[in-house]
Amino acid sequence: MSVLLYRLGKFAYGKPWYVIGGWLAVLAAVVLLLVTHPVKLSNEVRIDGTPSQQVIDGLATSLPEASGGQGMLLFTAPKGARIDDDKVRSALVAAVDAVYRHDHVIDAREVLAREAAKGANSPLLRAQAAVAQAAGKPSSGKTPVPLQQGGQPVPGVVVSADGSTALMQFQFDQQTFELPAGTIDSTVRAAEEQAAPGHLEVLPSAAMMEIPDIIGVGEIVGVVVAALVLLITLGSVVAAGLPLIIALAGVTVGVGGAFTLSTVFEIHSLAAVLALMLGLAVGIDYALFIVNRERRLILDQGMDPHEATGRALGTAGSAVFFAGSTVIIALAGLLVIGITLLSTMALVAAGTIAIAVLLALTLLPALLGLVKGRICPARTRRREQERTGGAEHTRATRWGAFLVRHRYAALAASILIPVILAVPAAGMKLGLPSGASYNTDTGQRRSYDLVSDAYGPGYNGPLLIAVDSTTNGRPLTPATLAAVTSDLRSVKGATSVSLAGMNQAGTTAILSLIPGSGPNDDATKDLVTDVRDKSAQIRATRDADIGIAGFTALAIDVSDRLADVLPLYVATVLGLSLIVLLLVFRSLMVPVMATLGFLLSIAATFGITTAVFQWGWLQSLIGLDATAPVVSLLPIIITGVLYGLAMDYQMFLVTSIREAHVHGATAVNATVIGFARASSVVLAAATIMVSVFAGFVFNAQPMIKQAGFALAAGILIDAFVIRMTFIPATMALAQEKAWWIPARLDRLLPDLDVEGDQLAQKIPLPHPTAAQQAQTVS
């Protein structure tokens, strides 16, 4: 591996425009596709095979018009006015008409008109009357009334009891992520234009609001901080600029390439953000590691930049290759779960990281071939020569020696800190983001709060009950629907039940059940559980099957499904990664220590995330003023990503320790020497990664905010507490045992030569001439 990468580095350095030209062609192709193909991202969480998704899929067959995406608009009357004022009501009716006439919106008025023409023979109207009678009056004190037009109720629109707001609920003819780009925005604009004469404010629900930009001020600040860290670490603008170029090129190709496929495959906004975060972070870190190694070869050994590039790629490049492979393995583990949403996230992120590795191993040496000796300018060389003492006197060496001397105390502290931070994780609750998850100054939260105040919190998350006939295709009778309604109405927490639709054959009906609590409240989850428990009784006594869908049902199903597959995922990732670490380090203890350290850091990460987002601790520091459950998808995603990134630092740090040990240092001395050599770049890399992830904490979207925070906190803990304290202390305790491996296993394992021993043997180090040394500082 080291010899192959050495030759690749020298080729790219010697013929830079061959490599640069190839990557420019790829970039141009991606940009062209981005310009010619609109980007469509989804915020919808869909997991096939869950009970709620099975209900939705079943409705797509039996009642297609009810399987589309849900839309909700809240109309607020101006101060001092009411919805039933003539001018306001006229504007509202016009706005409702504009929505129903819009493309891809199902006009509920036409459905009712067709049924009304049937008179007493209409199954829908008879069922509607039976359900209404069985449901009785809503138990909530905020009983809305239908909007009236010409003495008839307008379907889908209700007015609050105080007359201050009107709520319109409707359906699109497709799922929201399948709608043509701009459909939702144009629907809202059409309503706003007609509502303007009545001075009505139109607020869409959180699900209908535009997905926030995935790159904002916070993300840009994170990249700027990363640039400053690079400048401080590498000491020159040229050297600092190269990792940034690699990272930006990587996310352009990786994330941009994914965007070009968004019209063909559903891509969740979190998948794009995750790939962007990881692409920026690892792109900078991997390039930094190689550039730093080249600079050390030039500064410490006076090596020619061309030769130093090859040697850096043969040693540091090997570590980068296996570090990237570990992250990709951790992400690829999501594929074994069989959940399409997670598989898409994994493929987009893994593809972006693979591109970052390829760029670091090909484009970076080509760029180094352009800058040549400017990677270490003369002032940097002079500054290095003016330093007194050697590496043994640096702060990193002193810290490494301190850890070795006080190994028991360091080990105890590095275990105790994560354990304490992990305590809140015991109370972690999972859910999906709702309007309540947003800050109070956002449109999503305003809409949620206004609906809760005017209609009750349950209107923000109505439950859909699919009722299917079990009598060999015979229609559901009004009596059956009335009986099912009575059963549902008797469940604790159900405030109202109404008929939302029925198919032409009369074999499938949809009931809308409004809970008395919000979508993420425990009471609503209990309601869903109780309704599902009642389904067997209803089937036995009512000749009907019921299934439940809706926000809370979906949240429960997602959490349960992910909890079921998490052990399999963790076992798969840990197993594959342990094999990779065993191959790289040729040790049994080092991979085990690395994995145990990760378990400490992931537990602490979940604890901190729970305390901040669910309990509200220190939330003002990240611009948060609302508490919410931890997003259901987060634990499994963060587990995979953080494990991969943690192994990056394990790879960078321990390969340096192993290199010192292989070259003759005792295990304890190798720990100090290797730590001194690698800690500065690990410190810089971790700071960069935390800065990039922290930039996403200020994104308005709750899922992105939580992901950015969890990754930033996780890297902070893992890099500084685990990799730079726990690992050196443990290795100092184990001493030579840390590198023990059975002789037979040692013979069976392939020699990956991450340290570059084969490179040094097959291609000995050249002795630099005076002219070469002069070129180095020119």
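In this note's numbering, the protein residues as written are 7 to 784. All residues carry an ideal CB built from backbone N, CA and C; glycine is no exception. As the structure is a computational prediction, the values presented were derived from the model and not from experiment.
Cβ distance (whole Å) where residue i is taken to contact residue j below 8 Å
| i | j | result |
| --- | --- | --- |
| residue 681 | residue 260 | The Cβ separation is near 33 Å, so there is no contact. |
| residue 420 | residue 735 | 6 Å |
| residue 340 | residue 646 | 6 Å |
| residue 785 | residue 727 | With the chain covering only 7 through 784, there is no way to say anything about residue 785. |
| residue 200 | residue 100 | 4 Å |
| residue 635 | residue 427 | Not confirmed; about 19 Å, so no contact. |
| residue 505 | residue 517 | 6 Å |
| residue 356 | residue 338 | 6 Å |
| residue 479 | residue 365 | At roughly 60 Å, the Cβ-Cβ gap does not stay under 8 Å, so residue 479 and residue 365 are not in contact. |
| residue 703 | residue 224 | 7 Å |
| residue 320 | residue 15 | 7 Å |
| residue 90 | residue 169 | 6 Å |
Range of the contiguous beta strand (DSSP E) that encloses residue i
| i | result |
| --- | --- |
| residue 207 | 207-210 |
| residue 504 | 500-508 |
| residue 556 | 550-556 |
| residue 359 | Here residue 359 belongs to no beta strand (DSSP E); instead the alpha helix (DSSP H) covers 346-367. |
| residue 423 | Per DSSP, residue 423 belongs to no beta strand (DSSP E); it is in the alpha helix (DSSP H), 413-428. |
| residue 516 | 514-521 |
| residue 475 | 469-475 |
Where residue i falls: helix, strand or coil (DSSP)
| i | result |
| --- | --- |
| residue 616 | helix |
| residue 155 | strand |
| residue 76 | strand |
| residue 161 | strand |
| residue 455 | helix |
| residue 81 | strand |
| residue 688 | helix |
| residue 197 | helix |
| residue 436 | strand |
| residue 61 | helix |
| residue 398 | For residue 398, the pLDDT reaches just 42, beneath the cut-off of 50, and the residue's location in the model is therefore unreliable, leaving the point undetermined. |
| residue 173 | strand |
| residue 45 | coil |
Terminal residues of the alpha helix (DSSP H) in which residue i lies
| i | result |
| --- | --- |
| residue 180 | Neither: residue 180 is in no alpha helix (DSSP H) and is coded neither H nor E. |
| residue 736 | 733-740 |
| residue 168 | Taken as a continuous stretch (DSSP letters only), residue 168 belongs to no alpha helix (DSSP H), as it is neither H nor E. |
| residue 271 | Note, residue 271: premise wrong, no alpha helix (DSSP H); not H, not E. |
| residue 645 | 640-668 |
| residue 19 | 8-20 |
| residue 327 | 311-338 |
| residue 715 | 708-723 |
| residue 87 | No alpha helix (DSSP H) holds residue 87; DSSP gives it neither H nor E. |
| residue 93 | 92-106 |
| residue 492 | 484-495 |
| residue 790 | Lying before the first or after the last residue shown, residue 790 is absent from the chain, which here runs from 7 to 784. |
| residue 251 | 243-266 |
| residue 234 | 223-240 |
| residue 120 | 114-123 |
| residue 140 | 129-141 |
Nearest neighbour of residue i, chosen from the options [CA to CA]
| i | options | result |
| --- | --- | --- |
| residue 174 | 457, 524, 588 and 675 | 457 |
| residue 666 | 600, 591, 707 and 632 | 591 |
| residue 80 | 608, 142, 206 and 251 | 206 |
| residue 733 | 515, 527 and 409 | 409 |
| residue 511 | 67, 741 and 639 | 67 |
| residue 481 | 573, 705, 257 and 129 | 129 |
| residue 551 | 630, 489, 499 and 714 | 489 |
| residue 632 | 525, 487, 519 and 444 | 444 |
| residue 276 | 707, 156 and 447 | 707 |
| residue 567 | 769, 433, 12 and 345 | 345 |
| residue 343 | 611, 593, 585 and 578 | 578 |
| residue 40 | 712, 318, 262 and 10 | 262 |
| residue 683 | 113, 280 and 295 | 295 |
| residue 326 | 305, 362 and 513 | 362 |
Proximity test, residue i beta-carbon vs the ligand NAP heavy atom, cut-off 6 Å
| i | result |
| --- | --- |
| residue 114 | Looking for the ligand NAP in the displayed structure turns up nothing, as the structure carries no ligands at all. |
Exercise for the section: Taking 8 Å as the threshold, find out whether the region 136-152 comes into contact with the region 101-116 through three or more Cβ pairs. Expected result: no
Practice task
For the region 673-688 and the region 340-353, state whether three or more C-beta atom pairs, one from each stretch, are separated by less than 8 Å.
Solution key: no
Practice task
Take every Cβ of the region 745-757, pair it with every Cβ of the region 286-300, and state whether three or more of those distances are shorter than 8 Å.
Solution key: no
Exercise for the section: Flag this pair as touching only if the region 587-602 and the region 716-723 have three or more C-beta atom pairs under 8 Å; answer yes or no. Expected result: no
Practice task
Examine the Cβ distances between the region 657-672 and the region 239-258 and report whether three or more of them are shorter than 8 Å.
Solution key: no
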